[in-house]
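Number of protein chains: 2
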Amino acid sequence: MDLKVYLQEKRLLVEQTLQEIMLKPEGLLADHIKAMSYSLFAGGKRVRPILCMAAAESLGPPPAGLLPVAASLEFIHTYSLIHDDLPAMDNDDLRRGKPTSHIVHGEAQAILAGDGLLTMAFEILSSPELGSAIGAEKQLRLIHILAGSAGPRGMVGGQAIDIAAEGKELDFATLRALHSCKTGALITAAVQMGAVLGKASPSQFQAFTDYGRQVGLAFQIVDDLLNVEGTTEQLGKKAGSDAELEKATYPAFFGLEETRQKAQAAIAAAITALDSLDQKADPLREIANYIYYRKR
Amino acid sequence: MDLKVYLQEKRLLVEQTLQEIMLKPEGLLADHIKAMSYSLFAGGKRVRPILCMAAAESLGPPPAGLLPVAASLEFIHTYSLIHDDLPAMDNDDLRRGKPTSHIVHGEAQAILAGDGLLTMAFEILSSPELGSAIGAEKQLRLIHILAGSAGPRGMVGGQAIDIAAEGKELDFATLRALHSCKTGALITAAVQMGAVLGKASPSQFQAFTDYGRQVGLAFQIVDDLLNVEGTTEQLGKKAGSDAELEKATYPAFFGLEETRQKAQAAIAAAITALDSLDQKADPLREIANYIYYRKR
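Just so you know, the sequences run in chain order A and F.
The numbering of the first sequence is our numbering, which starts it at 580 and goes up by one.
The numbering of the second sequence is our numbering, which starts it at 580 and goes up by one.
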């Protein structure tokens, strides 16, 4: 398979779905909707929706409701980027090569854009239209997976640990827990949600979960690596900002060489987790490899 | 009925439920959970959960799942207060007589506490335990009502309109739309969610919706009045802050006397909406009256 073509095709489907779902900037809500749309359509790679789709399609043809479910993950991811970039948090002026939300729309509208996107994810997943397509039981399972992965025991908790840890020395267990919450939880949820839609058996669901955890770990390690190795131009955000903020990262802990090995080991473990699946899972395998080589 | 006793009893049930649901401040998440708990247990009157319970119980005995469903509304309400108080928003240092979240926990943890509470509301409503109690169909209806009322076409959209409107001259239609989104939507949702749990017929559901809209309107008008009439001590937050920020409010638009009349008219309309319900709806009628007389 040609991964580049695959990612391009899936990305296009995600873009179309996000365009269909997103409100039009009209009337009194125009500013709010523009602020949400600005970040939602700022050129994201759509990794989480694509993982969701690849997981579902590794079990059979695309199931009903796949696109809006995949899109809901991007609403959550985008909200988290807006809030992470705020002056009180990471204070980033650039994201994907563009000024961040609070730079363009002001801090108040940026906070509210994040809140709006987060809430919309649950509007999408609880919609009666999706219910007609997939049934209430499945819908609820998806909502519970997404809310759990985004909530205090997941992404937002990870960000809170990260903020609390700035300038402090962390042991490896803490760093690992931080990564697992902050990045791993939503990536794992993406794969799990695809698995639910694809009617995974319990053992298959566990395989997808293992894959998601390892890919999430690799993703965060590679993010840390890129922050050290990349230039501001390549990254689309300020390079070296982690070191400047004295953030807990893998390279700060293990050095570059051992960090690269750990990323590769996580990717190998992700691929091993899929051993019981046939070649329909090849996109998931290729994506795991791609995570290491992106932007290199 | 003795409304004071009624409110006190219900409030106690809500407090107990919130305590049961809220995570314990342990381990790496301790700071995050402390920040969420600080605002969740800062002495709120629990108006929205109580409205939800009163609506459900005006149709019969307390239905299964009522308490966690009612509690989910307070998670959303508390998140909105934390974010509204932020320096970039209303920049309030005091709320209910206590320092606001960002004063105590810092701005970053305050933003994340809001995000965490918002997300937890959907964790609560999508939990398998609640599903066993009330069934998936009802659960989804509740989630869709809550997400819609909290999202861009509801509360967060109202706050965005409010921020965009600061220092601008607004017409009455805009002011009304702002209030209806910012305060009315969640109060209406509270009553609607109680109605769903109480198995309201479509015409009853409409009556509760009308009641909720009028009570929400009255609530916001009275809030505006109190901001002008009250002292900082009475309010537990800074008095006169709306006028200082040149905020669009009912008193700024109509003067005090006409504003009082409009509040009373909304309360009368709320009570009229319940005409088809028997005396089990008396708490809802009393609460509508109470909204006008609170803190006077």
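Glycine included, every Cβ here is placed at the ideal spot set by N, Cα and C.
Model, not experiment: these values are computed from the prediction.
Measuring CB to CB, does residue i end up less than 9 Å from residue j?
i	j	result
F:P642	F:G834	no
F:L721	F:S659	no
F:L608	A:G736	yes
F:Y871	F:L586	no
A:V801	A:R873	yes
A:A845	A:V775	no
F:L673	F:A689	no
A:I600	A:M668	no
A:T596	A:L646	yes
F:Q718	A:A848	no
F:M632	F:L582	no
A:S782	F:H723	no
Would you tell me roughly how many angstroms separate the C-alpha atoms of residue i and residue j, rounded to the nearest one?
i	j	result
F:E594	F:T767	21 Å
F:L691	F:M772	27 Å
F:G572	F:Q858	This structure cannot speak to residue 572 of chain F, because chain F is shown only from 580 to 875.
A:D750	A:Q840	19 Å
A:T753	A:T828	11 Å
F:P731	A:T851	42 Å
F:G693	A:Q843	36 Å
A:A867	F:L725	37 Å
F:V807	F:T838	11 Å
A:A649	F:F832	45 Å
A:P830	A:G809	13 Å
A:D663	F:L856	48 Å
A:V584	F:A634	54 Å
A:A744	A:T788	27 Å
F:D803	F:L796	11 Å
A:P707	F:N670	38 Å
F:E588	F:S780	28 Å
A:M580	F:R792	56 Å
F:I713	A:I713	20 Å
F:E748	A:R755	52 Å
Enumerate in chain order the residues of its own chain whose CB-to-CB distance from residue i is below 6 Å, with the five nearest sequence positions on each side excluded.
i	result
F:F654	L696, M699, A700
F:I612	L602, P604
F:R590	R625
F:F784	A774
A:I661	S618, S680, A689, A692, G693
F:L630	A769, V770
F:S711	none
A:Q598	none
Counting only the same chain and skipping the five closest in sequence on each side, list residues whose C-beta sits under 7 Å from that of residue i.
i	result
A:L853	A786, Y790, A860, L863, R864
F:M734	S659, S728, C760, K761, A764, L765
A:V683	Y617
A:R875	Per-residue confidence for A:R875 stands at a pLDDT of 48, beneath the threshold of 50, marking its modelled position as unreliable; no derived number is given.
A:A739	none
A:H758	L796, Q799
F:D610	Q688
By a C-beta neighbour count over all protein chains shown, 10 Å radius and 16 as the cutoff for buried, is residue i buried or exposed?
i	result
F:F798	buried
F:E686	buried
A:E836	exposed
F:G622	exposed
A:P628	buried
F:T657	buried
F:E877	Residue 877 of chain F is absent from the model: chain F starts at 580 and stops at 875.
F:E636	buried
F:G535	Outside the displayed span of chain F (580 to 875) sits residue 535 of chain F, for which this structure offers no information.
A:M615	buried
Kindly identify the DSSP beta-bridge partner or partners of residue i.
i	result
F:R674	F:K677
Who are the near neighbours of residue i in its chain, counting only those whose CB is closer than 8 Å to its CB and skipping five residues on each side?
i	result
A:L709	G644, P647, V648, I703, Q718
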